[in-house]
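Just below is one structure, and these are the notes that go with it.
In my numbering, the protein residues as written are 448 to 1317.
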């Protein structure tokens, strides 16, 4: 039976008090003994005698002076007597020597009294200080006389006698003052001794009182101990009853691992009887073999260091073993307790086999649901991409038809078709944006400096025409300073405002639409408010308007179209930018949307360009004028497409870089091995050896240059695979000068190197014909377009009657799609991309049916492009 003994702090307290009283009494007795010894030495009397000796020595000195004077007088009287002078002269010399000795003795006593620590209290008195000063003067004057030859001393003897006579009265006063002072000190010492004796008496009485109180307390504790012992017996009985009746298995184990208690629930769980396991090693009975060594080590570690890992760690899930050898999951909780002087471990175990099975079923159901959601999202993304390809063809064809002579009816029908096509493309783009924001790897764009006020002015200008068409007044108010250059995501801010202002325009007729912008209390937060006087939002719809595919009016007679994705995209963009969006609306009166975003103030970006670069070629008016050059470095461009190589080379030269090119993977490996390069720009999809394989070969040769991937692959899975291969970052096609500058600047600054550098949404259309003409010149640009059109037409001729695609044709389509993206030809890029991905996205028996349509669309886009250089 386990008995838990109570702790008795009161007994310990009284023992400590008693010990303290004994110590105090001993200290006081020692102090009394020391006082008595001090008194027995009569040091005070010795001090008084020493002070009295000062006067005695002065009188002896004065007597010796008188004796010398007497001898001098006798010598003068006996000067005429026979044999007299020789005897008197000897006596006089002896007297003078004794005089000097007496002076030296007096001199030493004065110095001893002046500097001795026992006499220092005398000099606290002003009169005594004055006497000592007179004695010092006397000694100084007397020493000068004493140190003279005998003849000089004899001549100065009257002066020395006068000086000595003058010190008798002060020395007498000093003696009396010292006696009075030391008598007072003796009185104080006796008083201190009396107080010490009084404290000793009080301490002794307190000690006796404490002893009496301790005796009474021990008697009381004895009675209380008997009561506690009885209570412990009752508690032990209740504890044993609880252990026996508990539904959880309870084991009590000592520090050696032997089982002390084993309740009925434990018998049912493990299959052992209580008598079988008591005194046995728990590890050998219920701990699985693969956990036994860790259990033994944990027990030994606790015995050595008392370090707790499993003990008092709450509920843990482990495996246990039944008597049959079956392993099963348990939920375990272990606590350490004191049983007398022995440490025991109380374990509560529960068989959770059924619970684990239920959790596994729930997890499997969750995974299946998530897989279904992912499949739905992937299908939505793929279908949206596939819809964009024919839509681009339709819209391109409609643009071409508008150039032909048409009747009024045909023009109306054509405008209607064009409007519907543009609307459908907008809806598809919304779905793609939502899918992109939902991607697992979606991250907020890197904050960059931009002009917020200019962005808002441009937005208002673009929405002015549709607002005016509905009879609305559109205005903007910048309410505070600090709204020019800020740091943030300009594309995200622009998309949010386009959605909000666009909705306000759609749902307002003959009203007012206001955009207000202000910086909150001089902080980094900027609040943008978009208000209108339109139809408003019903109260029961406000909580759901930020959900996907939710429209305020879903009826057949609704007044405006839309997919219900605009506000959902806006909400996710705001969250991605670490901001907040709220709405307040009254149906029939209007709505107010508020966005609060962190947009810190910054200085306008510095625009620098060297004179040599300015003379080399004219600057473009789009993306080159505001991009500073970088620190010079050597860049290796590995790209199989000649045109892409030329464009990347041109951009890198604009950024102040030295460029070396390679046309495929093997030549890039050779160049990296023989040339000292700082950065490698590597195309991923190349014939023969792709960029990932080429980089692996470079690393195998010991090359450690930083590598950036240049690719048109846009899926998060592709990006993750590329970064895992060792690329520092990814530059997506179409490549703009801005994103190339950001990527290289990050490499040179040593910042985060696992990023994807994409062209911002507001820059996708900036690489237009004028940009390439400025960069290459009219003739070279025309040659490039003709070559591109020729290569594309050659591929389309091969595909005219084809029933499938070869690897070379797929690679050619990939290269041409990348080139189309660089030229800003989105429609042609989508058509060529559709040809490249056709074997993966369509069944083999449908390739022959779809391929002619894609080829026809591509041919149409090429013909439009070719006409631009005629």
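Backbone N, C-alpha and C fix where the C-beta goes; we use that ideal spot for every residue, glycine too.
For residue i, I'd like the list of residues in its chain whose CB is within less than 6 Å of its CB, leaving aside the five on either flank, ordered along the chain.
i	result
residue 1148	1120
residue 1027	1043
residue 791	699, 701 and 784
residue 1306	1243
residue 696	712, 713, 716 and 796
residue 975	964 and 1042
residue 504	552, 553 and 556
residue 681	none
residue 475	646, 647 and 650
residue 1321	No answer is possible for residue 1321: it lies beyond the span of the chain, which begins at 448 and ends at 1317.
Can you give me the start and stop residues for the alpha helix (DSSP H) that residue i sits inside?
i	result
residue 608	604–613
residue 939	937–953
residue 1096	1089–1101
residue 748	736–752
residue 793	Residue 793 -> not in any alpha helix (DSSP H); beta strand (DSSP E) instead, spanning 789–798.
residue 1014	1013–1023
residue 1240	1225–1245
residue 1185	1184–1196
residue 732	729–733
residue 717	711–717
If you measure between the beta carbons of residue i and residue j, is that distance less than 9 Å?
i	j	result
residue 1100	residue 1129	no
residue 1024	residue 939	yes
residue 605	residue 578	no
residue 1051	residue 971	no
residue 463	residue 654	no
residue 776	residue 798	yes
residue 622	residue 523	no
residue 1127	residue 1155	yes
residue 425	residue 507	This structure cannot speak to residue 425, because the chain is shown only from 448 to 1317.
residue 1082	residue 1104	yes
residue 962	residue 922	yes
Taking residue i as the reference, give the member of the options with the closest Cα.
i	options	result
residue 1143	626, 1167 and 1173	1173
residue 612	1103, 627, 543 and 512	512
residue 952	965, 548, 978 and 1229	978
residue 545	568, 1075 and 593	593
residue 1235	655, 624, 1308 and 1248	1308
residue 589	574, 567, 571 and 553	553
residue 625	574, 942 and 811	574
residue 738	765, 727 and 814	765
residue 733	741, 719 and 746	719
residue 540	597, 1089, 1013 and 520	597
residue 683	670, 923 and 708	708
residue 957	925, 1166, 1299 and 982	982
residue 794	815, 781 and 800	781
residue 1110	1097, 1123, 1125 and 1135	1135
residue 1049	467, 898, 1117 and 1241	898
residue 1039	989, 677, 563 and 1245	989
residue 585	560, 614 and 603	614
residue 1141	1303, 1133 and 1112	1112
residue 561	1233, 581, 602 and 1300	581
How about residue i: is its Cβ closer than 8 Å to a heavy atom in the ligand GDP?
i	result
residue 921	In the structure on display, the ligand GDP does not appear, and there are no ligands present to speak of.
Which residues does DSSP list as the beta-bridge partners of residue i?
i	result
residue 776	766
residue 1084	1108 and 1128
residue 1137	For residue 1137, which the question treats as bridged, DSSP gives no partner whatsoever.
residue 593	The partner list for residue 593 (beta bridge, DSSP) is empty, contrary to what the question assumes.
residue 976	963 and 1041
residue 1146	DSSP output for residue 1146 lists no bridge partner at all.
residue 1304	Paired residue(s): none; residue 1304 is not in a bridge.
Which residue marks the beginning of the beta strand (DSSP E) containing residue i, and which one marks its end?
i	result
residue 696	696–701
residue 920	920–925
residue 898	895–898
Between residue i and the rest of its own chain, which residues show a CB-CB distance below 8 Å, the 5 nearest in sequence each way excluded?
i	result
residue 1102	1074, 1076, 1077, 1184, 1187, 1188 and 1191
residue 1230	none
residue 1018	993 and 1028
residue 1131	1137, 1138, 1139, 1156, 1157, 1158, 1160 and 1169
Counting only the same chain and skipping the five closest in sequence on each side, list residues whose C-beta sits under 7 Å from that of residue i.
i	result
residue 743	730
residue 628	568 and 569
Any C-beta of chain B sitting closer than 9 Å to the C-beta of residue i?
i	result
residue 611	Reference to chain B is not applicable here, since this structure consists of a single protein chain.
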